[in-house]
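Going by this note's numbering, the residue at position 675 of the sequence shown is 686; the numbering climbs one at a time, nothing skipped. We treat Cβ as the ideally placed atom computed from N, Cα and C, and that holds for glycine. Encoded as structure tokens, the structure appears first; notes follow it.
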Amino acid sequence: MARRSAVLFSILLTPPAWAGRPASPAKHPNVILISIDTLRPDHVGCYGYGRPTTPNLDALARDAVLFENAISAAPWTLPSHTSMFTSLYPNRHGLVQHPKRFFFWKNIRIAADIWRSEGWPGLVSRFLKEPRVQPHKMAGRVVTLAEALRAEGYRTAAFVAADTLDGSYGFSRGFEVYDGRPFRPAPQQNALALQWLRRARSGPFFLFLHYYDAHGNFGRDVWRGLRMGEYPVYDAPEPFRKMFDDGRRGRFDGRIKSLLEIHRSGRFMPEDLRTLNALYDSGIRYTDHHLGEFLADLKRMGLYKDSIILLTSDHGENLADQGEILHHTGLRNTLLHVVSMFKPAGNAPRPRRVSSLVRTIDYMPTLLEAVGAAPALELRRQMQGRSLLGPLRSGRFPDLAAYSEVDIPGFAVPPAKSIQDSQGWKLLYHPAGQNSELYDLREDPLEKHDQAERHPDLAGRLLEELLRRSGVMGSHEPPPNIVLLSIDNLRADHLGCYGYSRQTSPKFDALAGEAELFERHISPSSWTLPTHMSLFTSMYPSYHGLTLVPDPRSMRRWTGALADEAAALWLRVRGRPVRYAPAFQTGRLRPGIELLPVALKAAGYHTGAFVSANFLSRRNGFARGFDRFVHNAEGTPAGGQNEAALAWLAEQRGAPFFLFLHYYDLHHTLKTPGAAAKKLYPYDCPGPSQKAFLPNPPPDFDARFRGMSPSRMRSIPPHERPWIIGLYDGCVRRVDSDLGHFLDGLKSLGLYDQTLMIVTSDHGEEFWEHGSWGHGNGLFQELIHTPLLIKEPRQRGGLRVRRFSSGVDLAPTILETAGIVPSRQFQAQMQGSSLQPLAEGLPGGPVFSEQDQNSVTRAAVSPDGWKLISGLDTGRKMLFELDQDPREQHDLSAARPAKAADLEELLYRTYSAPLEH
């Protein structure tokens, strides 16, 4: 899923639920999804099987990523495939029952009862018009993978060989061609698929190819089978049928009748098991042979290399190795563990095996990301799976849990549910008896030794998670509480978790160990007011309007004809003629803009804000949407902010809450002692840490540095500057302690684990790296590189995200995490994107920043780390390669004019794009 294609163009349209950016077919790879029904991984060569059952599948695995521990959502064909195609568990997509033919005899009995009591009129009205037993249909609101890809410009076709995948159940949604015939053998499937590919080869195309030959053929002759059970169970043709037959047969002669009789006897002899496995393997070998022919035809057509191929099975098979036969009958891993491999388009990757837990519900988001689709929020909310591409890139797989279920009303199978975690524990739950079994799959892969009594706490935790996913306690977790904490004026590189050598931030660093840390977070501006409104609106300052207003007539030429355009932009953004505004006279929030607290309140959140900066005022619009808005005096210490915020949190009951908490301690403080003029108190944080980092301060330190005039601030000699930095670091340490106290308060209220915690800053601080002290007067990294931590509810493991992020991304991230669909207005105004995909390893897009206190300056940072700072009024441009020059000491604009021009054009397009409301 692409994070941004162009920051502003993506907000101009409101697409359908499954669509993202407009389709660009030429750039989309082809997608082929191959499902081999009823294929157990432990009967496949690349999964360690000793027999040569799958030479062609093994060859494909050498070009692909092989997932060793993939788990299906269900142990039979229909719900399992539907979960792959919707990224939903069966209880959400609705296809949980068998098709009507399996209920034929039960319906006949119902009809007979009605006939005897009510005659023909009753039979017509009560049975023929409203059958008593029928399969569920897919929920109407569900979007399928085929629909999503078709919206991206794909041609779509499916060739299926099971009547359980009949298109009338909703499985055919999104397919232009949906061709299904029960038990159609593999060579006929290939012929139909290749015939369609010859017409669709110009692409992009999505092909679903389904092989049913390894499935037990209980239905090829349905009537005979129902009467006598005489048909073969695994019916591969010659020469495959006897390929693994050693001639030592027992009682099992290959017929379903024989198999059921042996099963009822309670014991399979070794010879019976050998015959059963040999016949099953012959079906696999037959399927593999025709898979190889299909892949060879793809190569001859020139389609293999440039196509994504995802090959999987839908479920496994019981082969009496645990006393059970066939499938549908339970949730042992012999049924849930499936084959899964992913071959990307282009050059084959280095062969790779992934042992981490993955789910078949992860296929849909993985394929959508792989083709560059950007699903809208509605579809992202639908999908219960997660893309596997980010973890594959980073090598860090999240701690996932795989939920599975079987519940077939009218079929002689008791309902069951299971969940297994990434540590190898599996809970099997039987709703009818309200009992659970717990297995350690690492030590007990055949699930023979129940550990529930030995580990009751673990069993309880897994049961709670299982019930939540199964819909008993809600299929989704309850909305999280949300805390957004902004520490004003905090540089990222003065924190230990960002590499600082001084011990300034032990509490912050500890939180980072449980959170996602964004290493390259860029603020939308370098001073307080515009950045905070960008956090709340997902808009850059020029668009929300809370910024200084320069005179466009004073702008010099930017690049030729762009001068008039730049001037017109400012007139258009303001919406009225403008005059030069003195410093610290701000603009106004543009009418019609919606703020994050408004969206959260509309979704049922209690909202509270505790701020201590004059800029964050009601007049400037910051109180909008807050039930409780407390604007304390500027300079109110963080401890006081904590006390008020925690008291408010203690009052919240029922609904989730959104708290915005603002610390201003790190900011310069202007005080007026008595009748004297205002004096500057830099980093005024009284306490034991205030001078903890001062290198040999002079005896008259307080007299010289506490209450200095603003003019002295501009003339600090070089030998005194380390003392200023030491004061700053001491204040960071004090604020860090206050952060720790706030987190302790959350824990004492029992809210910490249920809360989405975001800690960030609005801007940094310059310490003469580029000739000055302070902020708001430039866009160098010391001013706009700020910290960002995001800790999701119950998150315990830390993650570092290297890609660039922006403050305009926080509101979309909060809304997505809370499962809130924003209003049309908010969707239209958003210039950021959720950071959830970025944290999963997706590539990022460009980020931007701006300031106009002393000059009109814009900055663009490309995903590959190039940064352009452009002065619209001065005409000066500076280009830096941040990976090689993080302190921005070497201007490369003259050496790399093409790169500078590309970024300048990106800036121009971004800041001249109108917003639609």
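Original post:
In terms of residue numbering, what span does the alpha helix (DSSP H) encompassing D292 cover?
Top reply: As a working mapping, residue 292 is identified with position 281 in the sequence shown. Per DSSP, D292 belongs to the alpha helix (DSSP H) from 281-311.
Subject >> Neighbourhood of D432 by C-beta, 6 Å cutoff - its chain only, sequence neighbours within 5 removed >> reply: Within the sequence shown, residue 432 is the residue found at index 421, counting from 1. Excluding residues within five positions, the ones whose Cβ falls inside 6 Å are A412.
Original post:
Rounded C-beta distance between A162 and F217? I'm assuming under 8 Å.
Top reply: Indexing the sequence shown from 1 puts residue 162 at position 151. Indexing the sequence shown from 1 puts residue 217 at position 206. That belief does not hold up - the Cβ atoms of A162 and F217 are roughly 11 Å apart, past 8 Å.
Original post:
Mind checking whether A850 and V812 have CB atoms under 8 Å apart?
Top reply: The sequence position of residue 850 within the sequence shown is 839, counting from 1. The sequence position of residue 812 within the sequence shown is 801, counting from 1. Yes, they are a contact pair.
Original post:
Between the Cα of A463 and the Cα atoms of L474, M544, P456, L457, which residue gives the shortest distance?
Top reply: For this step, residue 463 is matched to residue 452 along the sequence shown. Nearest C-alpha to A463: L474.
Subject >> Segment contact flag, the region 279-293 with the region 310-325, C-beta cutoff 8 Å, min 3 pairs >> reply: no
**OP:** Could you check what DSSP says for P27 in three-state terms: helix, strand or coil?
**Re:** As a working note, residue 27 is residue 16 in the sequence shown. Note that P27 scores 32 on pLDDT, short of 50, meaning its location in the model is unreliable; the coordinates nonetheless yield the value given after this. P27 falls in the coil class under three-state DSSP.
Subject >> Status (buried if at least 16 other CB within 10 Å, exposed otherwise) for L330 >> reply: For the purposes of this step, residue 330 is taken as residue 319 along the sequence shown, with counting starting at 1. Result: buried.
Subject >> CB of G818 within 8 Å of CB of P467, strictly >> reply: On the sequence shown, residue 818 is found 807 positions in, with the first residue counted as 1. On the sequence shown, residue 467 is found 456 positions in, with the first residue counted as 1. Result no, Cβ atoms of G818 and P467 do not sit closer than 8 Å.
Subject >> Rounded Cβ spacing between L750 and F519 (contact assumed at less than 8 Å) >> reply: As a first step, residue 750 is located in the sequence shown; it is residue number 739 there, counting from the start. As a first step, residue 519 is located in the sequence shown; it is residue number 508 there, counting from the start. Right, the Cβ-Cβ distance comes to about 6 Å (below 8 Å), so this counts as a contact.
**OP:** Going by CA-CA distance only, name the one from F194, T155, L44 that's closest to F182.
**Re:** Taking the sequence shown and counting its residues from 1, the one referred to as residue 182 is at position 171. Ranking the options by Cα distance to F182, first place goes to T155.
Original post:
Just reading off the alpha helix (DSSP H) that F96 is part of, what are its end residues?
Top reply: What you label residue 96 is simply residue 85 of the sequence shown in a count that begins at 1. From DSSP, the alpha helix (DSSP H) with F96 extends over 88-97.
**OP:** Can you say whether R601 is buried or exposed, counting buried as having 16 or more other CB atoms within 10 angstroms of its CB?
**Re:** For this step, residue 601 is matched to residue 590 along the sequence shown. Classification for R601: buried.
Subject >> Beta-bridge pairing of A427 - partner residues as DSSP gives them >> reply: Translated into the one-based positions of the sequence shown, residue 427 becomes position 416. Per DSSP, V417.
**OP:** Verify the contact flag: A658, CB atom, against every heavy atom of the ligand NAD, threshold strictly below 7 Å.
**Re:** For the ligand NAD, the structure offers nothing, since it holds no ligand at all.
**OP:** List the residues that DSSP assigns as beta-bridge partners of S536.
**Re:** Taking the first residue of the sequence shown as 1, we reach residue 536 at position 525. According to DSSP, which records beta bridges pairwise, S536 is partnered with E861.
Original post:
With DSSP run on the structure shown, which of helix, strand or coil describes A34?
Top reply: What you label residue 34 is simply residue 23 of the sequence shown in a count that begins at 1. With a pLDDT of only 34 at A34, under the threshold of 50, the placement of this residue in the model should not be trusted, and no figure is reported.
Subject >> DSSP state of F753 mapped onto helix, strand, coil >> reply: Position 742 of the sequence shown, counted from the first residue, corresponds to residue 753. Of the three classes helix, strand and coil, the one that applies to F753 here is helix, per DSSP.
**OP:** Sort out for me which residues DSSP pairs I45 with in a bridge.
**Re:** Start at 1 with the first residue of the sequence shown, and residue 45 comes out as number 34. DSSP output for I45 lists L220, L322 as bridge partner(s).
Original post:
Quick one: what's A412 bridged to in DSSP?
Top reply: Residue 412 sits at position 401 when you count from the first residue of the sequence shown. The partner list for A412 (beta bridge, DSSP) reads D432.
Original post:
With respect to the alpha helix (DSSP H) encompassing I82, which residues constitute its N-terminal and C-terminal limits?
Top reply: Walking along the sequence shown from the start, residue 82 turns up at place 71. Note, I82: premise wrong, no alpha helix (DSSP H); beta strand (DSSP E) at 76-82.
Original post:
Which value, in whole angstroms, describes the spacing of the CA atoms of G665 and N492?
Top reply: As a working note, residue 665 is residue 654 in the sequence shown. As a working note, residue 492 is residue 481 in the sequence shown. So the two alpha carbons sit approximately 11 Å from each other.
Original post:
Taking G856 as the reference, which of R166, S816, G471, Q199 has the closest Cα?
Top reply: Locating residue 856 in the sequence shown gives position 845, where the first residue counts as 1. With distances taken between Cα atoms, G856 lies closest to S816.
Original post:
How about F633 and G619: do their beta carbons lie closer than 8 Å?
Top reply: Residue 633 sits at position 622 when you count from the first residue of the sequence shown. Residue 619 sits at position 608 when you count from the first residue of the sequence shown. No. Outside cutoff.
Original post:
Are F668 and V641 touching if we call contact CB-CB under 8 Å?
Top reply: Here the question's residue 668 lines up with position 657 in the sequence shown. Here the question's residue 641 lines up with position 630 in the sequence shown. Not a contact, by the Cβ cut-off of 8 Å.
Subject >> H441 versus S834: straight-line alpha-carbon distance, rounded >> reply: Numbered from 1 along the sequence shown, position 430 holds the residue referred to as residue 441. Numbered from 1 along the sequence shown, position 823 holds the residue referred to as residue 834. Distance between the alpha carbons of H441 and S834: 42 Å.
Subject >> Cutoff 6 Å; reference A686; Cβ partners in own chain excluding five residues on either side >> reply: Here residue 686 is taken as the residue at index 675 of the sequence shown, counted from 1. Its pLDDT being 44, under 50, A686 is placed unreliably in this model, and the coordinates cannot settle the point.
Original post:
Skipping 5 residues on each side, what residues in its chain have a beta carbon closer than 7 Å to that of D201?
Top reply: Taking the sequence shown and counting its residues from 1, one reaches residue 201 at position 190. Sequence check: residue 201 is Asn here, not Asp. Excluding positions up to five away in sequence, the list reads H301, E304, F305.
Original post:
Thinking just about the alpha-carbon of each residue, which of L657, I47, F859, D504 is nearest to the one in M550?
Top reply: For the purposes of this step, residue 550 is taken as residue 539 along the sequence shown, with counting starting at 1. When only C-alpha atoms are compared, the closest one is F859.
**OP:** Within the same chain, show all residues whose beta-carbon is closer than 6 Å to that of G524, passing over the 5 residues directly before and after it, in chain order.
**Re:** In the sequence shown, counting from the first residue as 1, residue 524 sits at position 513. For G524, where only same-chain residues beyond five positions count, the Cβ hits under 6 Å are G809.
Original post:
DSSP three-state call for K802: helix, strand or coil?
Top reply: The residue labelled residue 802 in the question sits at position 791 within the sequence shown. K802: strand per DSSP, three-state reduction.
Subject >> Helix, strand or coil at E158 [DSSP, three-state] >> reply: Against the sequence shown, residue 158 aligns to sequence position 147. E158: helix per DSSP, three-state reduction.
Subject >> Segment limits, beta strand (DSSP E) that includes K354 >> reply: Counted from its first residue, the sequence shown places residue 354 at position 343. Looking at the DSSP string, the run of the beta strand (DSSP E) that includes K354 is 351-354.
Original post:
Do you know how far the Cα of S318 is from the Cα of A168?
Top reply: Counting from one through the sequence shown, the residue named residue 168 turns up at place 157. Counting from one through the sequence shown, the residue named residue 318 turns up at place 307. Straight-line Cα distance between these residues: approximately 15 Å.
Original post:
Is there at least one Cβ from chain B nearer than 8 Å to F712's Cβ?
Top reply: In summary, chain B is missing from the structure at hand, where a single protein chain is found.
Original post:
Whose C-alpha, out of R343, P733, Y60, is nearest the C-alpha of V417?
Top reply: Here residue 417 refers to the residue found at position 406 when the sequence shown is read from its first residue. It is R343.
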